[in-house]
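Using the working numbering, the letters of the sequence shown map in sequence onto residues 1 to 337. Positions of the beta carbon are idealized from the N, C-alpha and C atoms, including for glycine. Since the structure comes first, as structure tokens, the remarks are kept for the end.
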Amino acid sequence: MVLFDRIPPFPAVLHSVGDEEFAEYLYEPDEIASVTTSISSNPATNYRFENGRRYHHREESWPVPNDEKQQNQMDLFHQVYSLRLNGRPHLAPITPSPRRILDVGTGTGIWALEVGDIYPSASVVGNDISPIQPRWVPPNVKFEIDDFNEPWMQAPGTFDFVHAREVHGAVADWPGFCREAFKVLKPGGWVEVAESAVQLQSDDGTLPADCALNAWLRNISEGFERLGRTVVVGPNIEQWLRSTGFEEIKVEVFKLPVGLWPTDKTERDIGAFNLLNMIEYVEGASLQIYTKVLRKSLDETREAIADAQAEFKQSSKDFHMYIPYYIAYARKPLSSI
Numbered sequence: 001m002v003l004f005d006r007i008p009p010f011p012a013v014l015h016s017v018g019d020e021e022f023a024e025y026l027y028e029p030d031e032i033a034s035v036t037t038s039i040s041s042n043p044a045t046n047y048r049f050e051n052g053r054r055y056h057h058r059e060e061s062w063p064v065p066n067d068e069k070q071q072n073q074m075d076l077f078h079q080v081y082s083l084r085l086n087g088r089p090h091l092a093p094i095t096p097s098p099r100r101i102l103d104v105g106t107g108t109g110i111w112a113l114e115v116g117d118i119y120p121s122a123s124v125v126g127n128d129i130s131p132i133q134p135r136w137v138p139p140n141v142k143f144e145i146d147d148f149n150e151p152w153m154q155a156p157g158t159f160d161f162v163h164a165r166e167v168h169g170a171v172a173d174w175p176g177f178c179r180e181a182f183k184v185l186k187p188g189g190w191v192e193v194a195e196s197a198v199q200l201q202s203d204d205g206t207l208p209a210d211c212a213l214n215a216w217l218r219n220i221s222e223g224f225e226r227l228g229r230t231v232v233v234g235p236n237i238e239q240w241l242r243s244t245g246f247e248e249i250k251v252e253v254f255k256l257p258v259g260l261w262p263t264d265k266t267e268r269d270i271g272a273f274n275l276l277n278m279i280e281y282v283e284g285a286s287l288q289i290y291t292k293v294l295r296k297s298l299d300e301t302r303e304a305i306a307d308a309q310a311e312f313k314q315s316s317k318d319f320h321m322y323i324p325y326y327i328a329y330a331r332k333p334l335s336s337i
């Protein structure tokens with residue numbers, strides 16, 4: 001069942017926006033309080049450095065940097081999601097007092113930390129291939145080094161809620177990913193997968209089909225597909241969940257505006273944050289995909305990055321664009337063993 005959001009086509013901004021007004025939207029993430037210890041050193045910290053960026057030590061695992069610049073971008077995107085969902089960390093109707101929550105591919109851990117605060121009754125586990133999460137965390141939150149493309153190390157039937165967000169391009173086998181989530185959930189537990197589409201759309205035709213942004217996105221999508229990592233998740237996630245055995249499946253589709261063009265303040269706030277997010281995202285997503293997968297020179301790669309970033313900035317009011325954002329959630333049957 002797919003539930004599309006009820007947001008009508010966004011009205012375009014009717015007045016110009018100066019640099020000072022734009023600067024109001026710059027994101028400054030809150031500091032996370034330190035309470036108790038977290039992860040320790042691991043061979044996963046033997047990072048690779050290429051073209052001025054830092055990457056995971058296993059080149060085949062993830063072609064996007066894990067350095068501070070990329071972490072800031074990930075936290076910026078978290079702000080976009082929070083605004084879009086009015087502060088809700090998830091849509092799945094989980095129990096009010098969950099015991100165990102798993103955040104798969106936790107990234108900077110910002111979602112896990114927020115959920116740990118919202119559900120003090122829960123033990124929240126976030127895993128990732130890179131130990132880039134805070135070293136000091138609340139007592140009910142911990143982070144683990146783990147590759148979700150390998151068999152999951154969590155005990156079967158032990159989690160009330162499994163959450164994954166923006167892991168497209170990293171999952172080698174989506175049906176297998178869903179089976180692993182099904183396995184570690186308790187009967188009656190919920191899974192939620194939240195994925196933005198790797199595409200831009202507009203409701204009024206202001207986004208040219210032949211623009212630099214669309215060319216960049218096509219190249220990014222092609223690169224991940226060549227790696228065997230699809231970025232087309234949203235339209236397929238319902239079938240993958242159903243085939244696994246989940247029930248009560250719902251898929252909600254939202255719009256994430258990019259730019260300062262909406263007149264509605266909430267949509268414009270989201271668009272401003274998302275514009276900054278996408279400008280920052282371009283380089284990290286492109287460097288290895290362009291140079292190592294698409295076999296383009298570093299000069300060609302830098303030019304493509306500069307063109308995409310410039311068009312994001314220059315078209316923030318003229319291209320009334322948005323990114324489709326899919327959130328799918330489903331329940332493991334109570335009869336499951």
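Per the coordinates, the alpha-carbon of ALA92 lies some 45 Å from the alpha-carbon of ASP299. When only Cα atoms are considered, TRP62 and THR230 end up about 13 Å apart. In the structure shown, the three-state DSSP call for MET153 is coil. In the structure shown, the three-state DSSP call for ASN127 is strand. Where ILE101 is concerned, there is no enclosing alpha helix (DSSP H), although the beta strand (DSSP E) around it starts and stops at 100-104.
Each of TYR322, ALA328, ARG99, PRO208 was checked against the Cα of ASN236, and the nearest Cα belongs to ALA328. Non-local beta-carbon contacts of ASN127 in its own chain, meaning distances under 8 Å to residues more than five positions away in sequence, involve LEU102, ASP103, VAL104, GLY105, THR106, PHE143, GLU144, ILE145, ASP146, PHE148 in chain order. For THR45, the closest of ARG53, ASN51, GLY52, HIS57 by C-alpha to C-alpha distance is HIS57. DSSP lists TYR325 as the beta-bridge partner residues of PHE254.
Boundaries of the beta strand (DSSP E) around HIS163: 159-165. The beta-carbon distance between PRO96 and TRP111, rounded to whole angstroms, is 19 Å. This is too long to meet the 8 Å contact definition. Rounded to the nearest angstrom, the gap between the Cα atoms of ARG99 and TYR55 is 34 Å. When beta bridges are read from the DSSP output, TYR47 appears opposite no residue.
In this structure, DSSP gives GLY189 an extended state, which the three-state scheme calls strand. For VAL167, the closest C-alpha among the options HIS320, LYS265, ILE129, LEU85 is that of ILE129. Taking the C-beta atoms as reference points, PHE182 is found nearer than 8 Å to GLY245. In the three-state scheme derived from DSSP, where H, G and I count as helix and E and B as strand, ARG331 is classed as strand. Counting C-beta atoms within 10 angstroms of its own C-beta, ALA209 has fewer than 16 neighbours from the protein chains shown and is therefore classed as exposed. Taking every protein chain shown into account, the CB of TRP152 has 16 or more other CB atoms within 10 angstroms, so this residue is buried.
Of the residues GLN71, ARG48, ARG165, PRO120, the one whose Cα lies closest to the Cα of TYR326 is ARG165. Inclusion of ALA330 and ALA212 in the CB contact set at 8 Å is not warranted, their separation being larger than that value. For ARG218, the uninterrupted alpha helix (DSSP H) run begins and ends at 212-226, by DSSP.
Residues of the same chain with a CB within less than 6 Å of the CB of VAL191, apart from the 5 flanking positions on each side, are VAL162, ALA181, ALA330 in chain order. CA-to-CA, the gap between GLY228 and LEU241 works out to about 20 Å.
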